[in-house]
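Residue 1487 in my numbering sits at position 495 of the sequence shown; the count goes up by one each step and never skips. One structure below.
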Amino acid sequence: MRRALLLLFIIFTISLQAAEGIQWRKMSGEIFKEAKAENKMVLLNLEANWCHWCHVMHDSTYSNPEVVAYINAHFIPVSADQDASPELSIRYKEYGWPATIFLNADGEDIVKRAGYIAPQWFLKLMKAIVKDPSPELPLAQTKADLNYDIDLTAKLKRVENNFDASLDYERGGFDQNQKYIAWDTYEYARFFKTTDSTQQWLNASVNGAYGLVDPVWGGVYQYSTHNDWEHLHFEKLMMVQARYLNIFLYDYLYTHNPNSLDKADQIIAYIDRFLNYDGVLYSNAQDADVIKGEHAEAFFALNEAQRLAQGIPAIDSNVFTERNAQIAASLLLYGSVKNAQVPKDRAYAIADVLLQRVASNGLYFHADKQRPVFSLKDQIAMANMLIALIKDKGEATNKYTQALDDLMVNIAKQYGLTNGSLKSFVGNIGLDALPIVEENIHMGRIFNWYAEFSKDDNFKDYAEKILVYVLQDETMKTYYNEPAVLMLAQELKQEAFHYVNLKMEEENIAYEILKAYAPFYSYLHSYAQGDLPLDKKELFEGFEVSTTLICTDRYCSPPVSTKKEAQAFFVEP
């Protein structure tokens, strides 16, 4: 009788807790104080509102009565939208989405799992963690002091070998289950490692990526699985649109393949139709599912009219700083390639809105809702956008140069750690703000660019320390393929190219094309004839048409005045 009553009590308790559901909390420092006081661990569900398997996880696992009861009894449940929480997204990007992270009361990771977990397996996992809450993997000591007595050449060679080994030269993309093109990988192959094999990889990758473009609405799906380009995951993310817009535009510039320009046009048509937020900013993403949690492969096989009859996958209408800064820079490139002012006007309009998001500490908020956590990802995107705007204007001083000056000083001051690396966020979320390799490399390249631009060698020093940091033995344990390390190393030792333009009254198509071709580590200056600095007047003496010279500290190119000459400077006829 007692057993029966006990069983009934357990069933009643589970049913009651299931009815109440999981009371998800927001990540904060208070969460870990509470976990310590209650002798509980923290369960972090890091998801995306456009993610199919996140919907499934909510509908099955997090709705299962036993799972709900066990979570409520043993854990403090925290849920975060990874798009809205870039400091968490970059920290756990290898595990999503959804990413399931178990942490102890000290904020240390215990167990990390990627993707959907069925209820019965999730329950087993939680019970195992409660029984033994020791961390699965020790945390790499990425905050340790730098060891300068290392062979940088050998370490860079190791990074290059890893890059070579990571590529699928036959099918394109990486030699792995998921097929997509990462921007750093594309940029390194296009601008730095111009071997026959990398050119073969570029062609295979771009041809494969054509298959990611929605043939009906345009826009690029996130990736394909099964080690091919045909098993599509249908979510469309703004950051993915910006990335492939750049990729297709550069492919068109270097191969003259009209298919790539057509795909770029399709991306623009898609974002203007579906992700247009207010005529200036763009929304974050479009869901993979028409009905959340149900596969939509059949839907995306339909034509326009058939799709509209069933509905449109939900739009995530958040307007995040990072995503809009990324697309603004891409729109500038698109405008130069197409010799079109409208996309450039949109880019400047986006920038002017984002510049209003600066906080009193000189850093940029992630969204219009002013959350006091400042991700380095947002600052990187803003810096890259400002650099693109400065290049496009070609002026020595304007509001964008002032904004970049302020941002560079504040990043160095507020994110810098004693070992020369940069932490991932500023603010209190209860977790230690660790340096993330990917972010540090990107900031290293930006610091190096800014050192030449501002003539401030301190930023060159910051960039050099970051290179040493990412090549430390302990740091290298945290990554395998990071071609941006190789780009940073090369840019630190090479001379910068300055594109100096004399603008006359006629349309200057050649200079617009040069803007598009110019790699990241370059500088653009445009002057009317009466505004030429003294040191430039002799260079342009006698020219009567718009002309550009591409110069280092030691020499200048022959004059470039036509579109054909601009193309020939970068691509052999």
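Every residue, glycine too, gets a C-beta built ideally from N, C-alpha and C.
| Check | Outcome |
| --- | --- |
| Quick one: give me the first and last residue of the alpha helix (DSSP H) that L1224 is part of. | L1224 -> not in any alpha helix (DSSP H); beta strand (DSSP E) instead, spanning 1223 to 1225. |
| Would you identify the three-state DSSP class for D1545, choosing helix, strand or coil? | coil |
| Let me check understanding here. Comparing Cα to Cα, which of S1446, S1367, I1438, D1360 lies closest to I1458? | I1438 |
| Use the C-beta contact count for A1277: other C-beta atoms within 10 angstroms, 16 or more gives buried, fewer gives exposed. | buried |
| Taking C-beta to C-beta, are V1070 and V1048 nearer than 8 angstroms? | no |
| Of all the beta strand (DSSP E) runs that stay within the bounds of the segment 1086 to 1124, which reach a length of 3 or more residues? | 1091 to 1095, 1101 to 1106 |
| Rounded to the nearest angstrom, what separates L1396 and G1408 at their Cα positions? | 17 angstroms |
| Tell whether a beta-carbon distance below 8 angstroms holds between L1381 and A1343. | yes |
| Does the separation of the CB atoms of A1091 and L1148 fall below 8 angstroms? | no |
| Under the assumption that G1211 contacts F1266 (Cβ atoms under 8 angstroms), give the Cβ distance between them as a whole number of angstroms. | 7 angstroms |
| Short of 8 angstroms in beta carbon distance, which residues of its chain neighbour R1163, apart from the five on each side in sequence? Order them along the chain. | K1171, A1196, G1200, N1219, D1220, W1221 |
| Check the DSSP bridge columns for G1550 and list the partner residues they point to. | A small correction: the amino acid at residue 1550 is Pro; Gly does not occupy that position in the sequence shown. Answer is none; P1550 lacks a bridge partner. |
| In chain order, what residues of the same chain have a beta carbon less than 6 angstroms from the beta carbon of C1548, not counting five sequence neighbours either side? | L1541 |
| Can you look up L1381 in the DSSP assignment and give me helix, strand or coil? | helix |
| Tell me whether A1520 is buried or exposed, calling it buried when 16 or more other Cβ atoms sit within 10 Å of its Cβ. | exposed |
| Looking at C-alpha atoms only, which residue of I1428, E1483, Q1482, A1455 is the closest neighbour of T1467? | I1428 |
| Counting beta carbon pairs with one atom in the segment 1443 to 1456 and one in the segment 1116 to 1130, are three or more of them shorter than 8 angstroms? | no |
| Is the beta carbon of Y1515 less than 8 angstroms from the beta carbon of A1481? | no |
| Cβ atoms of I1014 and S1416: under 8 angstroms apart, would you say? | no |
| Decide if S1252 is buried, meaning its Cβ has at least 16 other Cβ atoms within 10 Å, or exposed. | buried |
| Quick one: what does DSSP say A1558 is sitting in, helix, strand or coil? | helix |
| Using 8 angstroms for Cβ pairs, my map puts N1154 next to N1473. What's the rounded Cβ distance? | 5 angstroms |
| Here's a check: name, in chain order, each residue in its chain whose Cβ is nearer than 6 angstroms to the Cβ of F1292, leaving out the five neighbours to either side. | F1226 |
| Inspect the beta-carbon positions of L1399 and Q1371 and report whether they are closer than 8 angstroms. | yes |
| How far does the beta strand (DSSP E) with P1427 in it extend, from its first residue to its last? | Run containing P1427: none; DSSP gives neither H nor E here. |
| Would you kindly report the start and end of the unbroken beta strand (DSSP E) that includes N1316? | Careful: N1316 lies outside any beta strand (DSSP E), inside the alpha helix (DSSP H) at 1313 to 1330. |
| What residue range is occupied by the uninterrupted alpha helix (DSSP H) comprising N1249? | It is not in any alpha helix (DSSP H) - N1249 carries neither H nor E in the DSSP assignment. |
| Return the CA-CA distance between A1234 and W1089, expressed in angstroms with no decimal places. | 20 angstroms |
| Quick one: using the 10 Å Cβ neighbour count with 16 as the cut-off for buried, is Y1161 buried or exposed? | exposed |
| Quick one: using the 10 Å Cβ neighbour count with 16 as the cut-off for buried, is Y1262 buried or exposed? | buried |
| Compare the beta carbon distance of Q1559 and I1501 with 8 angstroms and say whether it is the shorter of the two. | no |
| So, with DSSP's three-state summary, where would you put I1259? | helix |
| Suppose the cutoff is 7 angstroms on Cβ atoms and the five residues either side in sequence are ignored; what does the same chain contact list for P1127 look like? | E1100, D1101, I1102 |
| Comparing C-alpha positions only, which one of I1259, P1525, N1440, A1301 sits nearest to N1493? | P1525 |
| Measure the C-alpha to C-alpha separation of T1005 and L1036 and round it to an integer number of angstroms. | Residue confidence for T1005 is low, a pLDDT of 49 falling below 50, so the modelled location carries little weight; the figure read from the coordinates is stated next. Cα to Cα, T1005 sits roughly 24 angstroms from L1036. |
| CB K1032 to CB I1068, shorter than 8 angstroms? | yes |
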